[in-house]
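Residues in the sequence shown are numbered from 800 upward in steps of one, following the working numbering. C-beta atoms are modelled at their ideal positions from N, C-alpha and C, and glycine is treated no differently. The structure appears below as structure tokens.
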Amino acid sequence: MYFLNKYKIQILLWIFILAYIVYFSYFSILRYKTLYASYYDLGIMHQTVFNTYQSLKTGDLSRFLELTNPSGAEQIKRMAIHNDPMLALLAPFYFIYSGPETLLVVQSVMLALGAMAVFKIARFNFQKLSYSFVLSLIFSLSYLVYPPLQLTNIFEFHAVALATTLLLFMFYFWLVKKYWLSLIFFGLSLLAKEQVALITLLFGIYTFFNSKGQYVMLNLFQHLIFKKKILKRVQDDRQNFNFSLIVIFISIFWFITSVFYIIPIFRGGNHFAASRYSDFGESPIRIIIGIMTNPYSISKYILRDNTLNYLKSLLGPVGFLSLLSPIQLFIALPEFAINLLSKNPNMRNVIYHYTAVITPFVFISAVYGTKKVISYLLIVIRKKNNEKKIILFMSIYILFFAVGNAYLRGPLPFAKKQNIHPFKWPQPQSKDTAFWGRTLRDENLKISTTGQLSPFFTSRRYFYTFSARYRLADYIVLRPSEVYNYPEKKELIPVYERLIQDTNFQLIYKKDNFEVYKRVKS
């Protein structure tokens, strides 16, 4: 790759980014259309964005960020579950196409563009090296084949997934001292989910200490020093100092406001996820205090059997280079704590979206770790043309771990754990589901469905996931196999048997494992 100039390398990078966008957009849409997506969380997210889109379209502000309570019958605001107003910013895209496909494409595009941010961060750190463009391209490719990133991409849709790229650009623009641009990406990152503020808080602290000492020292003597270069450093440090304080205070304000005011007000109680940390306390503030004052419980959770595999899945694809520069990795410490201390084991499984705000700092710290390795080797190996050999060695090292982990842990068709179900085994009810989705597209109809059918029917104000609340619906669309295989089957089987006998509803369509019921009485 050394024969490639910087322009060819940038073209190659865009080719890989576009290839990622095309594949993962196509795959995630196919996954939805073949009934491998579900109400949690594509159906929920789509209904929220659709209602917001209708709010913008009709001027009915009561529908802004509204959805039907997943565990109730009433209409609620999204802030009762998570404070992720990023969903409102996606609603204008529904003027182009108002289906779940829009969310899936936006997610793939955003995650792919993170490769450009990784390239720029690496390029900045390696700019003094002869082959900096090559090494930066290697890092971008390793990002695009990073299994946790790809798995996040194909697991439904989540606003927090967009924070991966937003945080990367936030860091990059701070790095090149374009503070206003960094603040824009910082603000957008906060809108992705309430706990992102904890990540940006540590980022603000990191930037504060990054040049705070220089700022104080130089500012003290600036009235005695008139060299233009020194004064420029003073000005840069002052800007960084102000930037850091803005990030720190806004992050603290946003987190406190979200967790202790916005969510409780809309929910009428504590954050729903508080129960995952009940060993430390019953409310968010008690949980925080309990974590800080109970180190034994922390060690008990962190030293669980699956923690090591979790960390290997996150750091292995970058050859554990992140561990050589832990200070950048520690910016993601709050999210590590949230995942490792949770009672929910899914949060320590990289197949879900819980790694979205960790991924940026895995790569940022890996870049800094690689920079340290190269600097060390350049000192130790004092031979002619040693830089070229070191860059070649590091490129092979990074590619080996990136491609190796993509094969062992990734979802691509060539991988050992390949996710090819939508290609090879499309579920036979997908055509019937699509047909009835079109037939019942009138958004004024109230629909109840089982989970994997729901994304086809959540383009409406009122939607009820199949439960005892089916009586509120005008139509019920379900697959009996889902009822009998759901984790909640003990509750759902009696409900389904009651529906069959319910004279208020008539079975109007049945084919294999697919049934449609219509309300015939008020």
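Terminal residues of the continuous beta strand (DSSP E) containing residue i?
i: residue 867; result: 865-867
i: residue 1246; result: 1246-1248
i: residue 1128; result: That residue, residue 1128, is in no beta strand (DSSP E); its alpha helix (DSSP H) goes 1125-1128.
i: residue 1276; result: 1274-1277
i: residue 874; result: 874-876
Apart from the five residues on each side of it in sequence, which residues of its chain come closer than 8 Å, Cβ to Cβ, to residue i?
i: residue 1196; result: 1118
i: residue 815; result: 914, 939, 940 and 943
i: residue 1309; result: 1315
i: residue 874; result: 865, 866, 867, 868, 1260 and 1261
i: residue 847; result: 864, 865, 866, 877 and 886
i: residue 1324; result: Coverage of the chain is limited to positions 800 through 1321, which leaves residue 1324 absent and any answer about it impossible.
i: residue 1322; result: The displayed coordinates of the chain run from 800 to 1321. Any statement about residue 1322 would go beyond what the structure contains.
i: residue 912; result: 816 and 964
Roughly how many whole angstroms lie between the Cα atoms of residue i and residue j?
i: residue 1073; j: residue 1097; result: 16 Å
i: residue 1075; j: residue 1050; result: 23 Å
i: residue 1320; j: residue 1304; result: 7 Å
i: residue 1057; j: residue 812; result: 38 Å
i: residue 1063; j: residue 1234; result: 40 Å
i: residue 1286; j: residue 903; result: 26 Å
i: residue 1152; j: residue 929; result: 37 Å
i: residue 1215; j: residue 921; result: 30 Å
i: residue 1143; j: residue 957; result: 18 Å
i: residue 1019; j: residue 890; result: Only weak support is given to the placement of residue 1019: the predicted model assigns it a pLDDT of 47, under 50, and the question is left unresolved by the model.
i: residue 1122; j: residue 1128; result: 8 Å
i: residue 1307; j: residue 1231; result: 13 Å
i: residue 838; j: residue 1273; result: 19 Å
i: residue 897; j: residue 1113; result: 35 Å
i: residue 1131; j: residue 1275; result: 44 Å
i: residue 1313; j: residue 1264; result: 16 Å
i: residue 926; j: residue 1186; result: 13 Å
i: residue 931; j: residue 952; result: 29 Å
i: residue 1202; j: residue 1251; result: 32 Å
i: residue 995; j: residue 842; result: 23 Å
i: residue 854; j: residue 894; result: 12 Å
i: residue 804; j: residue 1192; result: 19 Å
i: residue 1188; j: residue 1120; result: 19 Å
i: residue 888; j: residue 1180; result: 52 Å
Using DSSP's beta-bridge definition, name the partner residues of residue i.
i: residue 1305; result: 1317
i: residue 1262; result: 1246
i: residue 1310; result: 1313
In the DSSP assignment, find the unbroken alpha helix (DSSP H) run with residue i in it and report its ends.
i: residue 1226; result: First-last for residue 1226: undefined, no H or E at that position.
i: residue 816; result: 805-832
i: residue 1089; result: 1083-1092
i: residue 845; result: 843-857
i: residue 1161; result: 1158-1179
i: residue 1216; result: Counting along the chain, residue 1216 falls outside any alpha helix (DSSP H), and DSSP gives it neither H nor E.
i: residue 1299; result: 1288-1300
i: residue 982; result: 978-989
i: residue 1078; result: Run containing residue 1078: none; DSSP gives neither H nor E here.
i: residue 1104; result: 1104-1114
i: residue 885; result: 885-889
Give a yes or no on whether the C-beta atoms belonging to residue i and residue j are separated by under 7 Å.
i: residue 985; j: residue 1046; result: yes
i: residue 1174; j: residue 1124; result: no
i: residue 961; j: residue 1159; result: no
i: residue 973; j: residue 1006; result: yes
i: residue 820; j: residue 936; result: no
i: residue 1082; j: residue 1069; result: yes
i: residue 1133; j: residue 997; result: yes
i: residue 1228; j: residue 1278; result: yes
i: residue 1283; j: residue 1247; result: no
i: residue 946; j: residue 1145; result: no
i: residue 963; j: residue 910; result: yes
i: residue 978; j: residue 906; result: no
i: residue 959; j: residue 1155; result: yes
i: residue 1221; j: residue 835; result: yes
i: residue 1053; j: residue 989; result: yes
Taking 6 Å as the limit between beta carbons, can you name the residues of its chain near residue i, skipping five residues before and five after?
i: residue 917; result: 938, 939, 942 and 1162
i: residue 1015; result: At residue 1015, the pLDDT of 48 sits below 50, so the modelled position is not reliable and the matter cannot be decided from this model.
i: residue 1061; result: 878 and 882
i: residue 1302; result: none
i: residue 1024; result: Confidence in residue 1024 is poor, its pLDDT being 47 and thus under 50, which makes the residue's placement too unreliable to answer from.
Looking only at its own chain, which residues have a Cβ that is under 7 Å from the Cβ of residue i, when we skip the five neighbours before and after it?
i: residue 950; result: 1149, 1150 and 1210
i: residue 1166; result: 920, 921, 924 and 938
i: residue 876; result: 864, 865 and 1065
i: residue 857; result: none
i: residue 1236; result: 1255 and 1256
i: residue 1003; result: 1043, 1046, 1047 and 1050
Between residue i and the ligand SAH, is there a pair consisting of the residue's CB and a ligand heavy atom that are separated by less than 6 Å?
i: residue 920; result: The ligand SAH is absent from the structure shown, which contains no ligands of any kind.
At the 7 Å Cβ level, is residue i part of the contact set with chain D, yes or no?
i: residue 1191; result: Looking at the structure shown, chain D is missing, and only one protein chain is on hand.
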